[in-house]
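Below: one structure, written as structure tokens.
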Amino acid sequence: MTFSDEFVTRGGDTKTKVEEETYPTAFGITFTPQVSGIALALLGVLGAVYVLFNFVMPAYQNYQTLKADEQAKTDQVKQQKSGVIDKRFQEADSKLKQAQRLKADVLNLFSNEDTLDTLLLDINQFVTAKKRI
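All you need for my numbering is the position in the sequence shown, starting with 1, plus 396.
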């Protein structure tokens, strides 16, 4: 069954409307529906890649950084609860007390008013001991 609109006669030639339609042309390429669809698909893929690299990837990297920070802080809280930090604090406190005792011993080696009279004698003994060596 054919309709009268399907055939157009010009000068005795019978052609269908599809054959007569002209598609836009640019850069020597005729943009048929298939070519236009492929071009739009490629444009969409390129746009998706652009959005991925400029918006999604920086946000993902920021997310990873925040996740790592969260994990580090969670580990720190676990250490505080388990007493590891208390042990470190006690070790540091004992080292401080030991250093203070050592400082007091070293300061006792220096002269004060009571031992000032024997300071020259002590220095003389030290020098003579060095000369013998």
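From the three backbone atoms N, C-alpha and C, an ideal C-beta is built for every residue, glycine too.
When the Cα atoms are used, residue 516 and residue 506 turn out to be separated by approximately 12 Å.
Rounded to the nearest whole angstrom, the C-alpha separation of residue 437 and residue 447 is 15 Å. In the structure shown, residue 514 falls within a coil segment according to DSSP collapsed to helix, strand and coil.
Spanning the alpha carbons of residue 420 and residue 428 requires a straight line of approximately 8 Å. Spanning the alpha carbons of residue 524 and residue 501 requires a straight line of approximately 25 Å.
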